[in-house]
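Read in order, the letters of the sequence shown are residues 248 to 459 in our numbering.
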Amino acid sequence: MNKYYQVLDHVLTSGKMQHNKKGNIKFLLNQQLSLTPADLLDIFEGHNIARKKLRNELQLFMKGERQVEKYRDVGINWWDYCGSILVNSYPTYFEKLPPLVAKINREKRNSKNYVLFLGATDAESNQAPCLSLIQFQIDDGELVLSAYQRSSDANLGLPSDIYHLYLIARQIDLPLRSITLFLGNVHIYESNLQRTIQLLEGDEGVKFDLNV
């Protein structure tokens with residue numbers, strides 16, 4: 248069982264139930280997921296991830312594209328519920344990533360913590376980023392990437408975020424040592440509980456509900 252599936256299994260077996268405005272969830276607080284390149288390969292080989300769509304999504308984020316239609320044009324429809332424009336969402340913050348990546352590649356300072364913050368407090372938004380912070384550190388010539396997620400949908404959001412972080416790490420001209428995610432609240436929606444069990448039992452064709 249790869250490390251991502253271990254998180255799913257841990258939520259299923261040890262999580263507590265809670266009701267929020269989106270429905271019932273089974274959740275765990277303050278979990279940590281640390282992944283080496285070998286762990287990432289294990290996940291990407293064993294779990295169905297919409298890689299092309301996620302690559303296109305990240306490229307649009309980094310361009311600061313806020314028009315939902317542009318995402319729909321490349322086959323991404325999970326932002327449709329936000330209306331026509333992504334307000335104070337991922338593009339607002341990820342458009343700051345290209346100059347930060349360029350700075351890291353130019354400086355490559357071991358002593359410096361390079362940080363991308365996502366999500367302004369009390370700002371109007373139709374989809375506040377669940378990913379709150381990405382930190383880039385260099386140790387002995389290797390990249391150590393850390394990210395904090397305030398909220399993580401374990402079925403749809405978490406594997407997508409893992410892949411996005413991997414794509415971001417590849418833009419740094421250094422070998423990757425690890426990607427570590429700190430998950431403030433990681434959860435499975437009640438509508439996806441049985442399908443998560445089926446996934447862990449080997450049903451690779453299972454589809455999960457998007458809860459918004």
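We put the CB at the ideal spot given by N, CA and C, even for glycine.
Predicted model only: the values in this text are computed from it and were never measured.
Annotation for residue 361: 347, 350, 351, 382, 383 and 384 place their beta carbon closer than 8 Å to its own, counting only its chain and skipping 5 residues before and after. For the set 275, 358, 390 and 333, the Cα lying nearest the Cα of residue 366 is the one of 333. Judged by DSSP in its simplified three-state form, residue 427 adopts strand. Counting along the chain, residue 271 sits inside the beta strand (DSSP E) bounded by residues 270 to 282. Per DSSP, the continuous alpha helix (DSSP H) segment holding residue 256 begins and ends at 250 to 261. Three or more beta-carbon pairs drawn from the segment 282 to 297 and the segment 396 to 411 are found closer than 8 Å, and the two stretches are therefore classed as touching. For residue 343, the closest C-alpha among the options 331, 307 and 355 is that of 307. The C-beta separation of residue 426 from residue 273 comes to about 25 Å, leaving the pair out of contact by the 8 Å criterion.
Straight through space, the alpha carbons of residue 405 and residue 456 are spaced by roughly 14 Å. Under a 10 Å Cβ-count criterion, residue 445 is classified as exposed, with fewer than 16 other Cβ atoms of the shown protein chains found around its own Cβ. Put simply, the backbone Cα of residue 330 is about 31 Å away from that of residue 291.
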